[in-house]
Structure formats: structure tokens, C-alpha cells
Amino acid sequence: GYAAASDAYHVTAPRPDGAGAAEVMRLALAAAGRAPADVGYVNAHGTSTVANDAVEACALLEVLPAGVPVSSTKSMTGHLMGAAGALEALVCVQVLRTGWLPPTINAEQPDPSIRLDIVAQVARAAAVDLVMSNSFGFGGHDACLLLARA
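Residue numbers (this note's numbering): 36 to 185.
As C-alpha cells, then:
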């Protein structure tokens, strides 16, 4: 499943309530014919900025059930701009192939108000059949890709 949308909230800042990000995740789930409970892992956009991470966490908590493991591979690769989404899709393919969830490194003191299951510091084994990869850009351009085990 895939969806893209633009909330055109601001030229650089994400919409504070996360509505645009939440909507694109819902649209991708609908396109795939899948339920939020089917998602076993999220590769977050996760730029490690206060604004982005709080907004994405809010959207994830609105759309997905509690306990879905989340990490950001940008913590290891940096933000590759136009290539970030492609690399993160490949990471998601590897999650499905290997059963290993990549960590968010340097997540030593996650914000306690963000109630996500963050895969922090070390990889975690998990059998998942559906993964979500979020990519959010300037101007409110949001995309969400779902990949499933064949």
C-alpha cells in the first residue's frame, strides 16, 4: 500500500497536530486493504528534531495500536534527503527478510511523553508480516509505504 498527500501547512514546519501524517498513514492502510493492527514495525521519518519527532509520534499514536515497534534509521545514516525514502524502503524489506528491527542509535533518554515502543540502541528480533515506512517533506508533503511479506 502507498499514499501521498500534502497538507500545505507551512513551507518547512510540520503541522503541529500531526493530522497530515496521520491521514497519509490511514490512506496507505486503506490502499493496502489492511488494518492498523496488522502493522508490525514502523521505520519512522524520525529526523531527531523536536518538532518532527513529536508530530510523528502523535500521528503514530493516533493511527496505530500501542506497542508497535518504531525506529529511525536516519540515526545511523543521517538524512539522505531525496534518497532517504528509498533506503528506508530497503531497510523495511530487510526487516521482512531477516526478522531484525534496526535500532534508533543514540536514543539514550527518549522523551517520556512519547509513548512509543522505540527500538533503542540495539536491534531487536521480531517476526513481522507488514511494515510501514514514513517519509515527510517540506511543505507538508507526506508519503507512507507499506510492505508485506509475500
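Note that beta-carbon positions come from the ideal geometry of N, C-alpha and C, so glycine has one too.
Contact check, residue i vs residue j, beta carbons under 7 Å
i           : j           : result
residue 91  : residue 80  : yes
residue 184 : residue 164 : yes
residue 99  : residue 145 : no
residue 127 : residue 85  : no
residue 43  : residue 59  : no
residue 78  : residue 49  : no
residue 139 : residue 155 : yes
Distance, residue j Cα to residue i Cα
i           : j           : result
residue 67  : residue 180 : 10 Å
residue 36  : residue 65  : 8 Å
residue 76  : residue 142 : 17 Å
residue 118 : residue 124 : 10 Å
Nearest residue (CA-CA) to residue i, options the options
i           : options            : result
residue 168 : 174, 102, 130, 155 : 130
residue 89  : 101, 69, 53        : 53
residue 106 : 45, 172, 56, 135   : 135
Hey, which unbroken runs of the alpha helix (DSSP H) at 4 residues or more fall wholly within the region 130-185? none
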